[in-house]
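Contents: one structure, followed by commentary.
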Amino acid sequence: MPRIASVPHTDDSLAQPENRDGAWRVFLVFLRLGLTSFGGPIAHLGYFRTEFVQRRRWLDDRAYSDLVALCQFLPGPASSQVGMALGLRRAGWPGLLAAWAGFTFPSAIVLVLFGYGMAEYRSMADAGWIHGLKVVAVAVVAQAVWGMAKSLCPDRLRAALAILAALTTLALPTAAGQVTAMAAAGLLGRMWLRLPPAEAVRTSAYPLSRGFGLLALALFALPLLVLPIWAAASGSSVIALLEGIYRSGALVFGGGHVVLPLLQATVVPQGMVDNADFLAGYGAAQAIPGPLFTFAAYLGTVAQWPLQGWPGGLAALVTVFLPALLVLAAALPFWERLRQRADIQTTMAGINAGVVGILLAALYDPVWTGAIRGPADFGLALAAFGLLVFGRWPPVLVVALAAVSGWAIAA
4 MPRIASVPHT
14 DDSLAQPENR
24 DGAWRVFLVF
34 LRLGLTSFGG
44 PIAHLGYFRT
54 EFVQRRRWLD
64 DRAYSDLVAL
74 CQFLPGPASS
84 QVGMALGLRR
94 AGWPGLLAAW
104 AGFTFPSAIV
114 LVLFGYGMAE
124 YRSMADAGWI
134 HGLKVVAVAV
144 VAQAVWGMAK
154 SLCPDRLRAA
164 LAILAALTTL
174 ALPTAAGQVT
184 AMAAAGLLGR
194 MWLRLPPAEA
204 VRTSAYPLSR
214 GFGLLALALF
224 ALPLLVLPIW
234 AAASGSSVIA
244 LLEGIYRSGA
254 LVFGGGHVVL
264 PLLQATVVPQ
274 GMVDNADFLA
284 GYGAAQAIPG
294 PLFTFAAYLG
304 TVAQWPLQGW
314 PGGLAALVTV
324 FLPALLVLAA
334 ALPFWERLRQ
344 RADIQTTMAG
354 INAGVVGILL
364 AALYDPVWTG
374 AIRGPADFGL
384 ALAAFGLLVF
394 GRWPPVLVVA
404 LAAVSGWAIA
414 A
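Its first residue numbered 4, the sequence shown is counted upward by one per residue in this note's numbering.
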């Protein structure tokens with residue numbers, strides 16, 4: 004298809020990182036955000052705009068909007084990728100790593116400690132308040148499906164692609180089935196979708212060359228090709244789990260909640276993590292600030308593999324975020340040209356509709372089937388959904404209420 008005309012504008016003043024504060028200052032700024040940013044990726048982007056556009060004036064509104072558009076377009080956790088790019092822009096590669104660490108470590112540490120509690124005190128898994136965390140996961144995922152469907156499936160064709168992806172995922176409840184569903188949705192979107200032309204926008208240069216972008220793209224793709232072969236040939240549980248976590252991080256489109264079915268297909272069917280423990284950790288992840296991808300740190304901590312404990316949590320955390328970093332570095336030098344292609348836009352629109360379907364399938368299995376045991380559980384999940392969607396309560400309060408309610412129901 005012909006490429007849509009564009010009028011790129013490059014702000015040369017952004018070609019080199021600004022080192023006025025240094026990586027340590029970047030770390031402290033993002034650490035405060037990592038300790039206080041509740042509410043999920045959309046809320047995170049709002050916090051970032053307040054902090055870096057309005058308060059600190061690290062960039063203007065247009066440059067920030069361009070950056071958000073790029074990270075929404077890429078696979079991976081959008082808010083974390085925006086943070087990485089801001090750190091890169093401010094203090095180069097040390098700033099990127101500092102921004103990621105500051106924003107990520109608070110929630111990762113809490114989830115690793117929660118994982119130690121689940122592993123050390125097995126009776127905790129049957130506690131009423133833990134079951135409340137599993138039930139609130141139903142409401143949280145339902146809220147994600149509700150919101151994503153309204154924005155990513157605005158017409159009949161994309162709604163049909165979402166339903167097709169959900170049926171495919173339910174018929175093939177494996178990682179391969181999820182990849183197949185996304186690939187089919189992207190292909191059908193490219194063939195049938197017609198979107199309005201994108202507006203030409205101003206973009207900002209980052210301290211990355213196109214050659215480095217191509218290298219980052221190769222490094223992004225290499226584990227997707229090599230790790231499955233290595234895991235099959237060696238029979239190593241370590242390589243198998245890291246392969247599944249990397250693949251999950253590389254294939255997440257549409258928001259952090261989509262990582263749930265991908266990680267579940269990696270760890271639960273193989274017996275590395277019990278489904279009840281999986282849902283309890285996912286519910287706990289809703290109650291803390293920071294990116295949802297830190298859920299991988301909990302899984303690495305409780306999984307039955309040689310790296311169990313905090314070494315496993317750290318390995319899983321780095322592995323799930325690595326593809327997000329690499330694909331961001333690969334895209335930044337080519338962003339203007341990439342986002343103006345009509346075929347890329349329709350493919351991505353199809354994939355985004357597909358991930359709504361995958362999350363819809365996950366809402367049923369494992370979330371609903373693992374949490375809802377009777378009318379009381381359904382009533383609690385429905386109340387939590389209403390408070391989140393219509394009452395607009397902060398997720399941390401809804402999670403706390405669900406935990407207390409689960410304890411009361413059990414008592």
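Just so you know, even glycine gets a beta-carbon here, dropped at the ideal spot from N, CA and C.
In this structure, DSSP gives D158 a state outside helix and strand, which the three-state scheme calls coil. Contact check for L363 and V148: beta-carbon distance about 5 Å, within the 8 Å limit, so the pair qualifies.
Separation of the CB atoms of W410 and G131 is rounded to 4 Å, and the pair is thereby assigned contact status at 8 Å. Our two residues, S40 and I242, have alpha carbons roughly 33 Å apart in a direct line. Taking a cut-off of 8 Å on C-beta distances, the segment 309–318 does not touch the segment 132–144, as fewer than three cross pairs fall below it. Residue environment analysis places E246 among the buried positions, since at least 16 neighbouring C-beta atoms fall within 10 angstroms of its C-beta.
Around V115, the same chain offers A300, T304, W313 and G316 as residues with beta carbons nearer than 6 Å, after the five sequence neighbours per side are excluded. The C-alpha of F223 lies about 43 Å from the C-alpha of V407.
Take A379, set aside five residues on each side of it, and the residues of its chain with a beta-carbon closer than 6 Å to its own are I412, in chain order. Remark: C-beta atoms of G79 and V255 approach each other more closely than 8 Å.
Taking a contact as a CB-CB distance under 8 Å, the pair S82 and H134 does not count as one, their CB atoms being some 29 Å apart. The beta-carbon separation of G353 and L175, rounded to 18 Å, does not stay under the 8 Å limit for a contact.
Separation of F337 and T372 (C-alpha to C-alpha, rounded to the nearest whole angstrom) is 43 Å. Going by DSSP, G98 is part of the alpha helix (DSSP H) stretching over A81 to E123.
Per DSSP, the unbroken alpha helix (DSSP H) holding R213 starts and ends at R213 to S237.
A contact is defined here as three or more CB-CB pairs under 8 Å, and the segment 267–286 fails this definition with respect to the segment 99–110. For Q57, there is no enclosing alpha helix (DSSP H), as DSSP marks it with neither H nor E. For Q348, the enclosing alpha helix (DSSP H) has its first and last residue at A345 to A365. In the structure shown, M275 adopts coil according to DSSP, grouped into three states.
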